[in-house]
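**Q** Per our numbering, numbering through the sequence shown is continuous, rising by one, with the last residue being 227.
This structure is in structure tokens; I'll ask about it shortly.
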Amino acid sequence: MDINNKVLWIFDIFGVEVWITQTIFNTWITILLLIVLAVLIRVTMGGWKRVPSGLQGVAELLVEKFDNIVRNAAGEKFMSLGNWFFAAFAFILASNIVGIFGLRPPTADWATTFAFAAATFIMIQGMGIKHRKGKYLKSFFKPNVIFFPLNLIGELARPVSLSFRLFGNVLAGMILTSLIYSAPYYLRVLLPAAMHAYFDLFSGVIQTYIFCVLSLTFIGGAAEET
Numbered sequence: 002m003d004i005n006n007k008v009l010w011i012f013d014i015f016g017v018e019v020w021i022t023q024t025i026f027n028t029w030i031t032i033l034l035l036i037v038l039a040v041l042i043r044v045t046m047g048g049w050k051r052v053p054s055g056l057q058g059v060a061e062l063l064v065e066k067f068d069n070i071v072r073n074a075a076g077e078k079f080m081s082l083g084n085w086f087f088a089a090f091a092f093i094l095a096s097n098i099v100g101i102f103g104l105r106p107p108t109a110d111w112a113t114t115f116a117f118a119a120a121t122f123i124m125i126q127g128m129g130i131k132h133r134k135g136k137y138l139k140s141f142f143k144p145n146v147i148f149f150p151l152n153l154i155g156e157l158a159r160p161v162s163l164s165f166r167l168f169g170n171v172l173a174g175m176i177l178t179s180l181i182y183s184a185p186y187y188l189r190v191l192l193p194a195a196m197h198a199y200f201d202l203f204s205g206v207i208q209t210y211i212f213c214v215l216s217l218t219f220i221g222g223a224a225e226e227t
């Protein structure tokens, strides 16, 4: 597995070069796989049943569990954010585990993780202003106006830390797994499978969960009275 984010194609659109990198292409593949999976689940389930069973039962269980995560991390009033974070969870998780199939994980590119963290940052500010209005803006100047630069830096550090945490873990796993493939042949018998199982599956799930829970916690915290 090559850890470099290679440029696959370069298009000239009205004099502007558009680079299609591995991250972009693999992101498209990930999105396509999720769409296909969603369609297959919907077709397989057929009509909606009052008493869930089989695949419908699994789907409802996953949605119920994720609703509980949203409720515990952000609070009841933010249940409407469950749809966005469920979609984000599915995409980030899928992006983390495509390395099993030899693809470069889109989340190994900081641009991908920062985009999600930036969306979280916007929601933090939006929900803070929506629920606390002027009090939220005044919180940037507490306990004294001279602390505004520090409070602002602390607020901006949230999306940066979120993005680097996810990006760093995925990239580190990809690098370590790639090193195994260059090891002597007797180490390449079982180790690659174990490395993929840990970094792509176990760590991928954990890092996705941490990203979503921290995002929800920050959003819930911004809307609480202090």
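Positions of the beta carbon are idealized from the N, C-alpha and C atoms, including for glycine.
Owing to the predicted nature of the structure, the values given are computational and were not obtained by experimental measurement.
Mind pulling the beta strand (DSSP E) runs of 3 or more residues that sit fully within the segment 140-208?
**A** none
**Q** Please determine, among I30, F26, V59, the residue with the shortest C-alpha to C-alpha distance to I42.
**A** V59
**Q** Less than 8 Å between the C-beta atoms of N97 and Q208, yes or no?
**A** Contact: yes.
**Q** Sort out for me which residues DSSP pairs F12 with in a bridge.
**A** V19
**Q** Using only alpha-carbon positions, find the residue among G155, T114, K143 that is nearest to I211.
**A** T114
**Q** For A223, which residues in the same chain have their Cβ closer than 6 Å to its Cβ, ignoring the five residues on either side in sequence?
**A** Taking A223 as the centre and dropping the five residues before and after it, the same chain places the C-beta of I125, M128, G129 closer than 6 Å to its C-beta, in chain order.
**Q** Terminal residues of the continuous alpha helix (DSSP H) containing S81?
**A** Looking at the DSSP string, S81 is not in any alpha helix (DSSP H), and its letter there is neither H nor E.
**Q** For F149, I'd like the list of residues in its chain whose CB is within less than 6 Å of its CB, leaving aside the five on either flank, ordered along the chain.
**A** F141, F142
**Q** Count the other CB atoms, across all protein chains shown, that sit within 10 Å of the CB of I11; report buried if there are 16 or more and exposed otherwise.
**A** It is exposed - the Cβ of I11 has fewer than 16 other Cβ atoms within 10 Å.
**Q** Are the CB atoms of T218 and H197 within a distance shorter than 8 Å?
**A** no
**Q** Using alpha carbons as the reference points, say which of A74, F200, M46, G76 lies closest to G169.
**A** Of the listed residues, the one whose Cα sits closest to G169 is F200.
**Q** Find the nearest neighbour of E61 within the set A116, F87, Y182, judged by alpha-carbon distance.
**A** Looking at the Cα atoms, F87 is the closest of the given residues.
**Q** Among T31, R159, A184, I123, whose alpha-carbon lies nearest the alpha-carbon of F102?
**A** Here the closest residue by C-alpha is T31.
**Q** Using 10 angstroms around the beta-carbon of D185, count the other beta-carbons present and answer buried if the total reaches 16, otherwise exposed.
**A** This sequence places Pro at residue 185; Asp is not what is there. Classification of P185: exposed, given that the 10 Å Cβ count is below 16.
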